[in-house]
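**Student:**
2 protein chains.
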Amino acid sequence: MSQHPVPATERFAARTAGMTASEIRALFAVASRPEVVSLAGGMPNLAALPMEELAAEVADLVAREGQVALQYGSAQGRPELREQICDVMAWEGIRADPDDVVVTVGSQMALDLVTRIYCDPGDVVLAEGPSYVGALGSFAAYQARVVHVAMDAHGLVPSLLRAALETVRPRPKFLYTVPTFHNPAGVTLSVERRAEVLAICRGYGVAVVEDNPYGLLGFSGQPYPALRSLDRDVVYLGSFSKTFASGLRVGWALVPPAVRDRLVLAAESATLCPPSFTQMLVSRYLAAHDWRSQVKTYTEAYRDRRDAMLRALETHLPPGCTWNVPDGGFLRVAHRARGRRHQGDAPARDLGPGGLRVGYGVLRRRAR
Amino acid sequence: MSQHPVPATERFAARTAGMTASEIRALFAVASRPEVVSLAGGMPNLAALPMEELAAEVADLVAREGQVALQYGSAQGRPELREQICDVMAWEGIRADPDDVVVTVGSQMALDLVTRIYCDPGDVVLAEGPSYVGALGSFAAYQARVVHVAMDAHGLVPSLLRAALETVRPRPKFLYTVPTFHNPAGVTLSVERRAEVLAICRGYGVAVVEDNPYGLLGFSGQPYPALRSLDRDVVYLGSFSKTFASGLRVGWALVPPAVRDRLVLAAESATLCPPSFTQMLVSRYLAAHDWRSQVKTYTEAYRDRRDAMLRALETHLPPGCTWNVPDGGFLRVAHRARGRRHQGDAPARDLGPGGLRVGYGVLRRRAR
């Protein structure tokens, strides 16, 4: 027997070396400081939920269907919920078959599994600059390399996307995009650019992964057409975390059939199956409550918050600052700042000269 | 632009090629056939749960604590539940700090993440032959190679473990073991061998991953000492799926501090956080109910089933068959069969001559 310089429990995989800091926890650590009003985390406004009705609903669920709700289910998720998810997606113009929906533990799990089935170490993922921090964590976990493509006020810039696809090698596995009410930039990909972005990716043989947790939270009432509504090959990720309740961790992926089978297998080795209990609670909520009105209530609260934030920015920020005016989603603020006082979650070098600098939207409460 | 022979959505990672068949679904497909009494899946006997009390509990949870239960939580899991988990583990002699517990979506997720942080493609995992099918799925997902070590009636055979560690290259990353009420073999690692197996692995610089979903379901009333109770470096996986309710998908890992930080980061990129809702329901159940009596009720039902099964085997199996008599856990049947009529989930070539042949315990109902 030889001596082993590294303890047996610390002989980690190469990928584990990339897991060095938690961006998400850094956000939440700031968010929990009492003097801070954080706009960083995507936490829904649960005060708007009908808690008494939900309490009665969940009690009935356990009393009548406890034998099913508390038992293992299928890896793909419950058929009833997958049908309801298709109804939800129809609001954004998506026509889908419940057979192509895979229920996951939040859309984070869907993104993690999509990365698992697509990315070998060293593979390239294209993403907006800046990108959602949770997505960057999943890409790092699979040792994928992220190449950022800059946005402007109308979202991802098609000419820059084309330039990246011409030059980046190896050919990217997919474009990861939050086209609608982008986190953290607050911008939305214009309707004109949607078809263009899809055509570019198709031309270069690169898949598109559309992450759309905020799509139903538009302030105008008229949803943007999801990329998936324009192209059935788009891998679409959805979530009830923003439109209902994040603590249930119910999200989903809608994928082409050839991808679905792989995704279900990956889901099975990840968690065996999503919790039956939370799925059935979401199903009952969707079936028994006017969830569209609930989403409208949420949305009105977020619009009020946006307006308050815009007034504060106009009053308090120094001259020379500009910002985006998001027309949906959770409030985030992006502004072109001079210097490097405001840093986003994408490395500045990826943004290019004149690129967006995105603050996490953290304002300090002023002493009164 | 060039033409691309593989559709963009099917440019999968190398690991995805290994995801070709679902062992778990094959099991459940057989289990759902009406003429089959399946002993294959580890489904708890939920009829023994106090559903009316649980219904009241969960209604109160939503009504009083809905703002927390339906909101995001921490990636590591709720502190209250992690403390309670330490109390549960104390029943098997484990002394643990709640800081070293990571709550997961079932222990399957814990196993998947442990494999993620340890295994590069081509790394070796040692495991009993045969092994739990769900574990094999996770190992395959990370392109780890599994080398099986045979068991006898007293569990893993130490001399064969030592032989494997002498010969297998690269040096295995860890031994994956279900020492107590093994799935699917039904055998238990004897108390004498526990220290021996730990000493062998320590000597060869190989970590030990103890998967222990059934440990509290012993028929004698006196639990076996968990491997983790003998060695603080053991990576321990636990679950409420067998002792309470599998549909909540609440499991955990107890790991050394240097492993914990990596595991939490891996969990964060996998699902952001486990559902607050299901964690709080488990916490309330543990706090308000006599869960030890509940486990005893479960265990008595499983003992009755074992006895019925043993009577059936004695009556109906042909001469020359022998079988193990499990003294805890869910009923599974292992028998030395002549020929290859009964196949387990480990490839026959890994079992060696005279090795165990393990049936999934599926009996056909006879026409009466």
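First to last, the sequence lines map onto chains A and B.
Numbering-wise, the first sequence is residues 1 to 368 according to our numbering.
Numbering-wise, the second sequence is residues 1 to 368 according to our numbering.
Even glycine gets a Cβ: it sits at the ideal position worked out from N, Cα and C.
Between the Cα of TYR118/B and the Cα atoms of ARG171/A, ALA56/A and MET19/A, which residue gives the shortest distance?
**Tutor:** The sequence position of residue 118/B within the second sequence is 118, counting from 1. Minimum Cα distance to TYR118/B is reached at MET19/A.
**Student:** Is ASP97/B close to chain A? Criterion is C-beta to C-beta, closer than 8 Å.
**Tutor:** Residue mapping note: residue 97/B aligns to position 97 of the second sequence, counting from 1. No, ASP97/B lies away from the interface with chain A (no Cβ there is under 8 Å from its Cβ).
**Student:** By Cβ distance, which residues of its chain are closer than 7 Å to PRO79/A, with the 5 residues on each side in sequence left out?
**Tutor:** For the purposes of this step, residue 79/A is taken as the residue at position 79 of the first sequence. The residues are PRO98.
**Student:** For SER246/B, tell me which candidate among SER74/A, VAL58/A and GLU57/A has the shortest Cα-Cα distance.
**Tutor:** Numbered from 1 along the second sequence, position 246 holds the residue referred to as residue 246/B. That would be SER74/A, whose Cα lies nearest to the Cα of SER246/B.
**Student:** Just verifying my parser: in three-state terms, what is the DSSP assignment at THR315/A?
**Tutor:** In the first sequence, counting from the first residue as 1, residue 315/A sits at position 315. Helix, per DSSP.
**Student:** Tell me the rounded alpha-carbon separation between PRO226/A and SER107/A.
**Tutor:** The residue given as residue 226/A occupies position 226 in the first sequence. The residue given as residue 107/A occupies position 107 in the first sequence. First, the residue type needs correcting, since residue 226/A is Ala and not Pro in the sequence shown. Those two C-alpha atoms are separated by around 16 Å.
**Student:** Please list the segments of the alpha helix (DSSP H) lying wholly inside the region 81-126 of chain B, counting only runs of 4 or more residues, in order along the chain.
**Tutor:** Runs of the alpha helix (DSSP H) inside the region 81-126 of chain B: 106-118.
**Student:** Which runs of the beta strand (DSSP E), 3 residues or longer, sit entirely within the region 151-239 of chain A?
**Tutor:** 174-177, 207-211 and 235-239
**Student:** So the candidates are VAL206/B, SER229/B and ARG305/B; which of them puts its Cα closest to the Cα of VAL6/A?
**Tutor:** By one-based count along the first sequence, residue 6/A stands at place 6. Comparing alpha-carbon positions, the option among VAL206/B, SER229/B and ARG305/B lying closest to VAL6/A turns out to be VAL206/B.
**Student:** Write down the C-beta distance between PRO158/B and ARG193/B rounded to the nearest angstrom, noting that I regard them as a contact closer than 8 Å.
**Tutor:** Taking the second sequence and counting its residues from 1, one reaches residue 158/B at position 158. Taking the second sequence and counting its residues from 1, one reaches residue 193/B at position 193. Contact holds; Cβ gap of about 6 Å.
**Student:** What are the boundary residues of the beta strand (DSSP E) that includes ALA253/B?
**Tutor:** Your numbering for residue 253/B matches position 253 in the second sequence. Per DSSP, ALA253/B belongs to the beta strand (DSSP E) from 251-254.
**Student:** Go ahead and label ARG292/B buried or exposed: buried means 16 or more other beta carbons lie within 10 angstroms of its beta carbon, across all protein chains shown.
**Tutor:** Here residue 292/B corresponds to residue number 292 of the second sequence, with the count starting at 1. That one is exposed.
**Student:** Measure the alpha-carbon distance for ASN183/B versus ALA56/A and round it to whole angstroms.
**Tutor:** Translated into positions along the second sequence, residue 183/B becomes position 183. Translated into positions along the first sequence, residue 56/A becomes position 56. The alpha-carbon atoms of ASN183/B and ALA56/A are separated by roughly 39 Å.
**Student:** If contact is defined by three or more beta carbon pairs under 8 Å, each pair taking one atom from either stretch, is the region 266-285 of chain B in contact with the region 304-311 of chain B?
**Tutor:** no
**Student:** Whole-angstrom Cβ separation of TYR283/A and GLN76/A, contact assumed at under 8 Å?
**Tutor:** Counting from 1 along the first sequence, the entry for residue 283/A is found at position 283. Counting from 1 along the first sequence, the entry for residue 76/A is found at position 76. Residue identity check: residue 283/A is Ser in the sequence provided, not Tyr. Between GLN76/A and SER283/A the Cβ distance is about 15 Å, and since that is not below 8 Å, they are no contact.
**Student:** Report the option in PHE12/A, THR9/A, MET43/A and ARG11/A whose CA atom is closest to the CA atom of ALA301/A.
**Tutor:** By one-based count along the first sequence, residue 301/A stands at place 301. Among PHE12/A, THR9/A, MET43/A and ARG11/A, the Cα nearest to that of ALA301/A is on MET43/A.
**Student:** Say whether the region 147-165 of chain B touches the region 114-133 of chain B, bearing in mind that this needs 3 or more beta-carbon pairs closer than 8 Å, one atom from each stretch.
**Tutor:** Short answer: they touch.
**Student:** Classify PHE12/B as helix, strand or coil using the three-state DSSP reduction.
**Tutor:** Locating residue 12/B in the second sequence gives position 12, where the first residue counts as 1. In the structure shown, PHE12/B sits in coil (DSSP, three-state: anything other than H, G, I, E or B).
**Student:** Would you say TYR298/A reaches chain E, if we count a Cβ-Cβ gap shorter than 8 Å as a contact?
**Tutor:** Going by chain labels, chain E is absent from the structure shown, which instead holds the protein chains A and B.
**Student:** Listing by chain order, which chain B residues have their CB less than 8 Å from the CB of GLU52/A?
**Tutor:** Here the question's residue 52/A lines up with position 52 in the first sequence. Residues of chain B passing the Cβ test: ALA63.
**Student:** So, with DSSP's three-state summary, where would you put ARG262/B?
**Tutor:** Translated into positions along the second sequence, residue 262/B becomes position 262. It is helical.
**Student:** Kindly indicate if chain B contains any beta-carbon less than 8 Å away from that of TRP291/A.
**Tutor:** Residue numbering aside, residue 291/A sits at position 291 when the first sequence is read from its first letter. Not one chain B Cβ lies under 8 Å of TRP291/A.
**Student:** For GLY328/B, which three-state DSSP category applies?
**Tutor:** Residue mapping note: residue 328/B aligns to position 328 of the second sequence, counting from 1. GLY328/B falls in the strand class under three-state DSSP.
**Student:** I'd like the list of long-range same chain contacts for LEU111/A, defined as Cβ closer than 7 Å, with 5 residues on each side in sequence excluded.
**Tutor:** Position 111 of the first sequence holds residue 111/A. Contacts found: ALA135, SER138, ASP211 and LEU237.
**Student:** For ASN324/A, is the classification buried or exposed, using 16 other Cβ atoms within 10 angstroms of its Cβ as the cut-off for buried?
**Tutor:** Locating residue 324/A in the first sequence gives position 324, where the first residue counts as 1. With 16 or more other Cβ atoms within 10 Å, it is buried.
**Student:** Alpha carbon to alpha carbon, how far is ASP152/A from MET109/A?
**Tutor:** For the purposes of this step, residue 152/A is taken as residue 152 along the first sequence, with counting starting at 1. For the purposes of this step, residue 109/A is taken as residue 109 along the first sequence, with counting starting at 1. Cα to Cα, the separation comes out at about 29 Å.
**Student:** Residue range of the alpha helix (DSSP H) that ARG284/A falls in?
**Tutor:** For the purposes of this step, residue 284/A is identified with residue 284 of the first sequence, where counting begins at 1. First-last of the alpha helix (DSSP H) with ARG284/A: 276-288.
**Student:** Would you identify the three-state DSSP class for GLY134/B, choosing helix, strand or coil?
**Tutor:** Working through the second sequence from its first residue, we reach residue 134/B at position 134. Reduced to three states, the DSSP call for GLY134/B is helix.
**Student:** Below 7 Å CB to CB, which residues in the same chain sit around PRO223/A once its five sequence neighbours on both sides are set aside?
**Tutor:** The residue labelled residue 223/A in the question sits at position 223 within the first sequence. Beyond the five residues adjoining it in sequence on each side, PRO223/A comes within less than 7 Å, by CB distance, of TRP91, GLU92, GLY215 and LEU216 in the same chain, given in chain order.
**Student:** Using the DSSP secondary-structure output, state which residues sit across from ARG373/B in a beta bridge.
**Tutor:** Any answer about residue 373/B is impossible in this case: the structure gives chain B only from 1 up to 368.
**Student:** Which word fits PRO318/A, buried or exposed, when buried means at least 16 other C-beta atoms lie within 10 angstroms of its C-beta?
**Tutor:** Residue 318/A sits at position 318 when you count from the first residue of the first sequence. With fewer than 16 other Cβ atoms from the protein chains shown falling within 10 Å of its own Cβ, PRO318/A counts as exposed.
**Student:** With 8 Å as the threshold, decide whether the Cβ of PHE240/B is near any Cβ in chain A.
**Tutor:** Working through the second sequence from its first residue, we reach residue 240/B at position 240. Not an interface residue.
**Student:** Under DSSP, the alpha helix (DSSP H) around VAL58/B begins and ends at which residues?
**Tutor:** What you label residue 58/B is simply residue 58 of the second sequence in a count that begins at 1. 51-69 is the extent of the alpha helix (DSSP H) around VAL58/B.
**Student:** Is VAL36/A helix, strand or coil by DSSP?
**Tutor:** Residue 36/A sits at position 36 when you count from the first residue of the first sequence. Reduced to three states, the DSSP call for VAL36/A is strand.
**Student:** Is the beta carbon of LEU263/B less than 8 Å from the beta carbon of VAL102/B?
**Tutor:** Here the question's residue 263/B lines up with position 263 in the second sequence. Here the question's residue 102/B lines up with position 102 in the second sequence. Their beta carbons are under 8 Å apart, which means LEU263/B touches VAL102/B by this criterion.
**Student:** Below 8 Å, how does it come out for the region 47-61 of chain A and the region 57-65 of chain B: are there three or more Cβ pairs, yes or no?
**Tutor:** yes
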